[in-house]
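Residue numbering for the sequence shown follows my numbering, beginning at 8 and increasing consecutively.
Glycine included, C-beta positions come from ideal geometry on N, C-alpha and C.
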Amino acid sequence: MSTQLDEYLEAEIQSLLTDGRIAELGITVNRREHHLVLGGEVESTQRRDAICLQINERFPDVQIVCDIGITRAQAPSEVEEIS
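The structure is reproduced here in structure tokens:
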């Protein structure tokens, strides 16, 4: 059985991303021709991997591309000059 890529699937995944288990409001779900792309930024590679794993486990028949970036978590090394 193949899962249809439609707005209902996108909404279901978006709901899972924002519920108590994952609780990430900044992750987007974009539908492409034959797959879904998760985008946005999180604080660590471990967090990104955990999110992608949970979504892939919940939807094993859907090709998911995990394009979630990592936010810089350390202070800047240079002073920003404002002119």
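> Roughly how many angstroms lie between the CA atoms of Ile77 and Ser51, to the nearest whole one?
Replying inline: Your numbering for residue 77 matches position 70 in the sequence shown. Your numbering for residue 51 matches position 44 in the sequence shown. About 6 Å.
> Looking at Leu43 and Glu17, is the spacing between their C-beta atoms short of 8 Å?
Replying inline: Locating residue 17 in the sequence shown gives position 10, counting from the first residue. Locating residue 43 in the sequence shown gives position 36, counting from the first residue. Contact flag set, yes.
> What are the start and end residues of each continuous beta strand (DSSP E) run of 3 or more residues lying completely inside the stretch 16-72, in chain order?
Replying inline: 35-38 and 43-49
> In or out: Leu32 buried (at least 16 other Cβ within 10 Å) or exposed?
Replying inline: Taking the sequence shown and counting its residues from 1, the one referred to as residue 32 is at position 25. Exposed: under 16 other Cβ atoms inside 10 Å.
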